[in-house]
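Residue numbers (our numbering): 46 to 527.
See below:
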């Protein structure tokens with residue numbers, strides 16, 4: 046047990062030490078608000094791909110995702126792989142537009158929208174959505190990390206929450222965006238090595254992939270069917286192409302990575318890197334969840350909740366020290382998501398809310414941003430105190446709400462000239478309809494609520510486009526021959 050604690054402490058010390066070293070190396074640069082928020086736009090292709098994927102990979106990918114795959118089987122693996130084009134869509138479709146349109150003074154997505162539309166309602170609704178959505182999503186990540194520590198090392202849940210919240214708040218507070226990104230790259234490497242070793246250890250124990258599938262075929266054949274024996278409907282599966290595929294273009298913490306690309310060459314290379322890494326980071330953990338069902342059956346073990354499968358396998362397959370080192374994979378997923386959201390939430394609160402109401406100097410802004418990091422981390426910890434049984438649903442709720450607010454304003458404004466009033470109406474309709482559908486648990490056609498919500502939120506923009514078309518047609522009829 047002492048060795049496990051020392052190994053875990055070593056990982057945390059390395060992570061915090063990197064952040065502290067980077068802050069010291071940057072010196073005065075890191076003490077300006079722009080450098081603290083965006084690191085002076087320094088990302089090259091591999092770093093951009095790693096940090097986008099590491100930010101997108103979260104506790105749901107390494108805890109909730111394998112838990113859902115353990116429960117639903119291969120259908121959930123197929124569903125999760127819908128996320129594979131995320132890096133290609135985000136970097137490829139939006140990357141060039143952000144390179145062309147990013148103003149030098151803008152450091153948040155809210156600031157970018159405000160620069161595009163100059164509408165107070167958009168700024169306030171976008172800010173509130175980011176604050177509420179990110180705090181909820183950070184709570185989910187902290188819950189997942191605390192459960193991992195509890196399951197593998199035996200750390201009490203409350204202590205695990207404190208460790209995670211304190212660590213991520215400290216290194217985000219210390220080094221700002223540059224620290225967050227470069228520690229994300231380190232954590233992505235930890236994730237890559239960790240999940241491959243866990244998969245290899247599981248396959249060796251089960252006697253190979255063929256033997257594992259045979260065990261499932263005998264004891265849990267529904268897990269090998271495309272719809273989990275009717276547990277998941279086809280419309281619901283297909284609607285996830287929106288929720289975890291195309292809809293991710295509107296997620297603020299992934300979009301903001303595009304603000305720090307160096308150039309178009311970086312963008313092109315990052316598409317290839319990102320797509321390859323997305324496949325590995327999504328397929329391997331979810332496949333571990335499915336194969337974990339074969340391990341549980343073979344060893345006659347019962348789990349109290351599906352989310353326990355990843356920490357259980359790590360503890361069961363490896364000796365305590367190795368298990369603790371392999372914990373770096375899911376722990377890194379948690380840290381790499383929370384730090385990005387924590388920094389963006391702080392920047393939104395200070396720069397897009399407080400600074401628009403209260404004039405402040407650069408020094409005061411930086412102090413407020415660092416204080417906001419600590420306060421927001423504390424709020425997320427308090428919300429994580431009573432966790433749900435399956436993290437994946439809580440995470441997807443906040444996930445979908447952010448998409449309903451930001452997808453159309455971000456994507457369509459890159460190519461179309463949209464009026465600010467139409468964008469504001471779309472954001473209001475998207476958020477309200479999604480929350481109402483989720484609260485009522487109403488799934489028209491058994492589809493996920495995000496599909497109908499995005500259709501509803503697109504109506505004001507579509508109507509604005511139709512009106513513009515008819516106005517132009519009327520103008521051509523009147524003046525076209527002159």
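Every residue gets a Cβ at the ideal spot worked out from N, C-alpha and C, and that includes glycine.
Which residues in the same chain as residue i place their Cβ atom closer than 8 Å to its Cβ, once the five residues preceding and following it in sequence are excluded?
i, result
"residue 281", "488, 491, 492, 493"
"residue 263", "none"
"residue 248", "254, 257, 336"
"residue 388", "82, 217, 221, 222, 225, 418"
"residue 251", "257, 260, 336, 339, 340, 343"
"residue 77", "407, 411"
"residue 514", "none"
"residue 201", "195"
"residue 278", "272, 491"
"residue 57", "208, 212"
"residue 445", "288, 292, 479, 483, 493, 494, 495, 498"
Let's see if you can read the secondary structure: which residues bound the alpha helix (DSSP H) around residue i?
i, result
"residue 410", "407 to 428"
"residue 327", "309 to 343"
"residue 110", "110 to 117"
"residue 146", "140 to 146"
"residue 521", "494 to 524"
"residue 81", "78 to 83"
"residue 155", "154 to 162"
"residue 107", "Premise fails: residue 107 is in no alpha helix (DSSP H) and is neither H nor E."
"residue 359", "354 to 362"
"residue 365", "365 to 371"
"residue 474", "465 to 485"
How close, in whole Å, do the beta carbons of residue i and residue j come, if the pair is a contact with beta carbons under 8 Å?
i, j, result
"residue 474", "residue 502", "5 Å"
"residue 129", "residue 323", "5 Å"
"residue 476", "residue 450", "5 Å"
"residue 235", "residue 374", "6 Å"
"residue 442", "residue 407", "Their Cβ separation, rounded to whole angstroms, is 37 Å, which puts residue 442 and residue 407 out of contact at 8 Å."
"residue 233", "residue 381", "7 Å"
"residue 153", "residue 462", "Actually they are not in contact, since the Cβ atoms of residue 153 and residue 462 sit about 23 Å apart, beyond 8 Å."
"residue 208", "residue 383", "Not really, about 12 Å apart at Cβ, beyond 8 Å."
"residue 180", "residue 425", "5 Å"
"residue 110", "residue 298", "Not a contact, Cβ separation roughly 18 Å."
"residue 303", "residue 447", "With a Cβ gap of about 16 Å, residue 303 and residue 447 do not count as contacting."
"residue 118", "residue 267", "7 Å"
"residue 356", "residue 193", "5 Å"
"residue 287", "residue 496", "5 Å"
"residue 467", "residue 505", "5 Å"
"residue 97", "residue 135", "6 Å"
Taking 7 Å as the limit between beta carbons, can you name the residues of its chain near residue i, skipping five residues before and five after?
i, result
"residue 527", "With a pLDDT of only 48 at residue 527, under the threshold of 50, the placement of this residue in the model should not be trusted; the figure read from the coordinates follows. Closer than 7 Å at the Cβ level, and outside the excluded window around residue 527, lies no residue."
"residue 94", "132, 315, 318, 319, 322"
"residue 64", "216, 219, 220, 224, 228"
"residue 124", "282, 285"
"residue 246", "362, 363"
"residue 523", "none"
"residue 126", "327, 328"
"residue 415", "218"
"residue 166", "469"
"residue 395", "410, 413, 414, 417"
"residue 108", "189, 192, 193, 352, 355, 375, 436"
Using a Cβ-Cβ cut-off of 6 Å (strictly less than) and excluding sequence neighbours within five positions of residue i, which residues of its own chain qualify?
i, result
"residue 157", "151"
"residue 293", "131"
"residue 115", "334, 337, 338, 351, 354"
"residue 174", "450"
"residue 239", "371, 373, 374"
"residue 377", "232, 235, 236"
"residue 507", "none"
"residue 459", "142"
"residue 91", "318"
Is there a C-beta anywhere in chain B that falls below 8 Å from the one on residue i?
i, result
"residue 126", "Among the chains in the structure shown there is no chain B, since it carries only a single protein chain."
Inset, instruction - Pick out the complete alpha helix (DSSP H) segments inside the segment 272 to 307, 4 residues or longer, and give them in chain order. - result: With a minimum length of 4 residues, the continuous alpha helix (DSSP H) runs that stay inside the segment 272 to 307 are 279 to 288, 297 to 300.
Inset, instruction - Ignoring anything shorter than 4 residues or poking outside the segment 197 to 283, list the alpha helix (DSSP H) runs there in chain order. - result: Correct list: 202 to 251, 254 to 264.
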